[in-house]
Every structure is written in structure tokens, then in C-alpha cells.
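Read through the structure below, which is laid out as C-alpha cells, and then see the notes.
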Amino acid sequence: MDTTAAFLGLTCVDCGSFVEPTDGHGRCPDCEGILDPTYDYDAIDVDRETFEDRPFDSMWRYEELLPFSRETAVSMDEGATALVECPALAEELGVGRVLLKDEGRNPTGTFKDRGQSAAVTAASQADAADLALASAGNAGQAASAYAARAGIDAHVFLPSRAGFTTKAMVNVHDGDLTVVEGRIGDAGAAFSDAMAEHPDWYPVQTFVTPYRHEGKKTMLYETVEQLGWDVPDAVVYPTGGGVGLVGMHKAACEFRDLGLIDDVPAMYAAQSTGCAPIVEAVEQGRDVHEAWETPDTICGGIEIPDPGASPLILDAIEESGGGAVATTDDEILDAAIAVAVNEGLEMGATCAAAASGAWKLAERGDLGEDDTVVLLNTGAGNKDDDVLRSHLMGQGI
Ligand SMILES: *Cc1c(COP(=O)(O)O)cnc(C)c1O
Ligand SMILES: [Zn+2]
1153 MDTTAAFLGL
1163 TCVDCGSFVE
1173 PTDGHGRCPD
1183 CEGILDPTYD
1193 YDAIDVDRET
1203 FEDRPFDSMW
1213 RYEELLPFSR
1223 ETAVSMDEGA
1233 TALVECPALA
1243 EELGVGRVLL
1253 KDEGRNPTGT
1263 FKDRGQSAAV
1273 TAASQADAAD
1283 LALASAGNAG
1293 QAASAYAARA
1303 GIDAHVFLPS
1313 RAGFTTKAMV
1323 NVHDGDLTVV
1333 EGRIGDAGAA
1343 FSDAMAEHPD
1353 WYPVQTFVTP
1363 YRHEGKKTML
1373 YETVEQLGWD
1383 VPDAVVYPTG
1393 GGVGLVGMHK
1403 AACEFRDLGL
1413 IDDVPAMYAA
1423 QSTGCAPIVE
1433 AVEQGRDVHE
1443 AWETPDTICG
1453 GIEIPDPGAS
1463 PLILDAIEES
1473 GGGAVATTDD
1483 EILDAAIAVA
1493 VNEGLEMGAT
1503 CAAAASGAWK
1513 LAERGDLGED
1523 DTVVLLNTGA
1533 GNKDDDVLRS
1543 HLMGQGI
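One rule links them: number in this note's numbering = place in the sequence shown (from 1) + 1152.
Printed below as a string of C-alpha cells:
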């Protein structure tokens, strides 16, 4: 395996076991815990100029802080997305600045590309012939795209309610698509059965592979650099499995510990009231979630009733001084429309939970009048054009 100089291997977040990168394809072999890429930070010699001197062209410009080099990466120049000023939204919320990190500008239209670029690079380094995952849709599309680029066969399990675009594009990338009747849990069960039958398949599933949160952490590096090394006061993130939230908090701690910034941003999880296990856990002061009984939200990307990484998500929220907020599907879709009308920016349906969540955070006084607030637009609006348009129809428009 061809890894970067400071990358040591994988550490289990539960039992602390250390696993060599060559052996770490999934969960901890000792306790099934999540494996986290670990580095020798003393061996990472970077400062602000290191990054400023590089073109802003790909998430792999932070290769010193990633397990694999840019040269070996399975990449389509994902990342390096725009951070767009939203003055109308800032005025509406009564805060200093609102900026939208527009992940819709990725190769397959969502931030899932960052996670898959890192995970499929690991699969390719492990000489995998096949990879597999279950997904609500976007990760499946991204995985089939990166697998195609790497010459690996992708086996993608999506629930029947996944959006048409994601299913169609898995086909277009010649992925092996299985549509499973039901919801994400049913797709997950079908994936587990298939993995038991095909132990040689390389999993690129949320928090089964150790590498997806590692790819997504680059969103925070970029945001801070784009703000001229200012740390935002709040980052609001539409939270499903929490891969991005955990990754971004890790990234902030790394930049702080390397002396590039002084503080970490408060991380806020935004969910739909139709499936809000993280919000419930925060409100009840628990350090692990309870599975949400009857998930029901139109926001497929965050309809994750049983997020296995909830202890990591809740730790990140607490350590960073953040919080969690739930809004209704109606409020979320209204927010997507409001942003499209007032700022011109197109937010996916799931993604707009960050905008409606920020509205609610402002209303309840969690955001200050001078605060800089970053909203993660995790995917492009036109991936959900049908959902957004029918919301208008529901209003007689
Ligand atoms: C997957 C997804 C999310 C949730 O991501 P996690 O990191 O698993 O919490 C949010 N928005 C969109 C558009 C997604 O596809
Ligand atoms: Zn372990």
C-alpha cells in the first residue's frame, strides 16, 4: 500500500486497538468498533503558506493530512467547492455573515464524492476487484462513479424510495444496482447478506470503511482557508450518519493542534422532525442515540434512524460547543425555496435542513448578531428537482 508519510494506520475508537492500513478494510477486528485513520502529527510539516501556495483545485491539496497521496488518489478533482456569501440570508437570520459551502459543485453533485474518492482509493490500493455499499442514493451514485474510474465493479444497494437520478446514474456508470423494497435499513440488510456471501467485496459503507469521514474532513480545511483562516462561529450540517460532521470536527482539531487556527467552530446537527435521533439524544443529554422508531421524512439523505456513529457525533457536538436542531419537512422545503428565490442558490431537499435549522437556531438565540455561520449545502438542488417542484404544487403553484 502506498500511503502518506505521517499516516500511521487505524485506531479503534472503542477499544484502542491499532490496525495496519493493509488489514483495515472495515470495522475493528477485536470489537467491531469504528476505525479512525491516525497520523504522526509531529511529522506533518505544514503552515498556512504551504496551502496558500497551492492552486485551489481539489481536496487532495491537503494530502499531508490524508492517508493517500494525490498521485495515487482515485480522483476527479472533487472538493475545492465555492463558499458563497449569502447577504439576504444573513439579514433574515440577524447574524453577521452566512456562507454556503456549495457541495453541489462536485463531480456527481454531492459531497459524497469526497468520501468515495478517499474510500475507493483505499479499495484500489488494496487491489479490490469489487466494492459494495448500501446508501440512500447519493453515496451509491458517487461510489459507482469512482469505482468506474478505478476499474472496480460496484455493487450498490438502494431502497426503493431513493431518488430516480441516483438509481439511473448507478446504471449509467455500469454499477450492479439492487433496488430493495423499503427504506435504508432494508437496503442495509440486503448489503450485509451480500457481504456475507462475498467476503472478498470491499465495503465502502458509512463508518464501515475507515476512510469516508477522512475524505469529508477536507470540507472544513477548505472553509477555514476560504475565510482567510478565520474560524466560523457555527457550522450547520444536515446530519444522517454524521460522516461529515465527525470528519469536519476532526479536521478542525487537526488544524488547531497544528497551530493553523486557534479555535474550533461550533458544530450543529440539523435533522428533520421525521427522523431526529441525534437531536433527541442531545436534548436528553445522552451520549448515544436511541433508534428512531418510525422514520418518515422526504429528506432521504438524512433519514438514518440508527446512526451507528452517534457517540462520535455527540462528542463532536459537545466538544465544539455546538448543538442540534430539528425542523419539519415543510419548513425544510420552504427553506430550499427561500434560498433559491432570495439568493439564487440551489439547495437539495435534504441539504436545506441546514438552512431551516439555522433559521430555528437564530430564532432560539443560539446564533449571535456578529456570528459567521456556514451552511453545508451537501448536494445540488437539481438532484431533487421533482421533490422541490412538487412542494410548490402542494401550495397550488
Ligand atoms: C448522505 C447525505 C447527507 C448526510 O450525510 P452524513 O455525513 O452521513 O450525515 C446529507 N446530505 C446529503 C445530500 C447526503 O447525500
Ligand atoms: Zn476495537
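Heads up, the beta-carbon is just placed ideally off N, CA and C, and yes, glycines get one too.
All of these numbers come straight from a predicted model, not from anything done at the bench.
Closer than 7 Å: residue i CB and nearest ligand 1 heavy atom
i, result
"residue 1502", "yes"
"residue 1288", "yes"
"residue 1331", "no"
"residue 1155", "no"
"residue 1450", "no"
"residue 1336", "no"
"residue 1319", "no"
"residue 1397", "yes"
"residue 1291", "yes"
"residue 1454", "yes"
"residue 1393", "yes"
"residue 1178", "no"
"residue 1531", "yes"
"residue 1355", "no"
"residue 1390", "yes"
"residue 1264", "yes"
Own chain, CB closer than 6 Å to residue i, minus 5 neighbours either side, in chain order
i, result
"residue 1512", "1477, 1479"
"residue 1158", "1191, 1192, 1195, 1196"
"residue 1248", "1522, 1523, 1524"
"residue 1471", "none"
"residue 1306", "1283, 1295, 1296, 1299, 1327"
"residue 1387", "1417, 1419, 1526"
"residue 1364", "1267, 1271, 1395"
"residue 1502", "1390, 1451, 1453, 1454"
Residue from the options whose Cα sits closest to the Cα of residue i
i, options, result
"residue 1257", "1348, 1209, 1338", "1209"
"residue 1399", "1198, 1467, 1438", "1467"
"residue 1215", "1251, 1263, 1155", "1155"
"residue 1358", "1173, 1542, 1344", "1344"
"residue 1304", "1280, 1324, 1287", "1280"
"residue 1333", "1310, 1349, 1324, 1351", "1310"
"residue 1184", "1174, 1163, 1198", "1163"
"residue 1220", "1167, 1274, 1180", "1274"
"residue 1494", "1175, 1244, 1201", "1244"
"residue 1379", "1412, 1340, 1489", "1412"
"residue 1313", "1499, 1520, 1536, 1549", "1536"
"residue 1405", "1175, 1217, 1342, 1548", "1217"
C-beta atoms of residue i and residue j nearer than 8 Å
i, j, result
"residue 1395", "residue 1267", "yes"
"residue 1492", "residue 1533", "yes"
"residue 1284", "residue 1212", "no"
"residue 1527", "residue 1507", "yes"
"residue 1373", "residue 1421", "no"
"residue 1246", "residue 1504", "no"
"residue 1263", "residue 1531", "yes"
"residue 1308", "residue 1287", "yes"
"residue 1560", "residue 1270", "In the structure displayed, the chain extends from 1153 to 1549; residue 1560 sits before or after that span and is not available."
"residue 1462", "residue 1441", "yes"
"residue 1539", "residue 1450", "yes"
"residue 1447", "residue 1335", "yes"
Cβ neighbours of residue i in the same chain (closer than 7 Å, five flanking residues each side left out)
i, result
"residue 1122", "Within the shown structure, residues of the chain are numbered from 1153 to 1549, placing residue 1122 beyond reach of any answer."
"residue 1236", "1251, 1252, 1254, 1497"
"residue 1234", "1254, 1257"
"residue 1160", "1190, 1191, 1192"
"residue 1179", "1185, 1186, 1187, 1360"
Residues near residue i in its chain [Cβ-Cβ closer than 8 Å; skip 5 each side]
i, result
"residue 1382", "1376, 1524"
"residue 1464", "1165, 1186, 1394, 1398"
"residue 1260", "1290, 1293, 1294, 1297, 1321"
"residue 1546", "none"
"residue 1434", "1421, 1466, 1469, 1475, 1476"
"residue 1443", "1429, 1457, 1458"
"residue 1323", "1329"
"residue 1175", "1181"
Heavy atom of ligand 2 within 7 Å of residue i beta-carbon
i, result
"residue 1188", "no"
"residue 1185", "yes"
"residue 1167", "yes"
"residue 1175", "no"
"residue 1182", "yes"
"residue 1427", "no"
"residue 1164", "yes"
Are there three or more Cβ pairs, one per stretch, closer than 8 Å when the stretch 1422 to 1442 is compared with the stretch 1452 to 1464? The stretch 1422 to 1442 vs the stretch 1452 to 1464: in contact.
Is the stretch 1284 to 1295 touching the stretch 1317 to 1329, taking contact as three or more C-beta pairs under 8 Å? Output reads yes: the stretch 1317 to 1329 touches the stretch 1284 to 1295.
Between the stretch 1239 to 1257 and the stretch 1358 to 1369, do at least 3 Cβ pairs fall closer than 8 Å? Using a C-beta cut-off of 8 Å, the stretch 1239 to 1257 makes no contact with the stretch 1358 to 1369, since fewer than three inter-stretch Cβ pairs fall below that distance.
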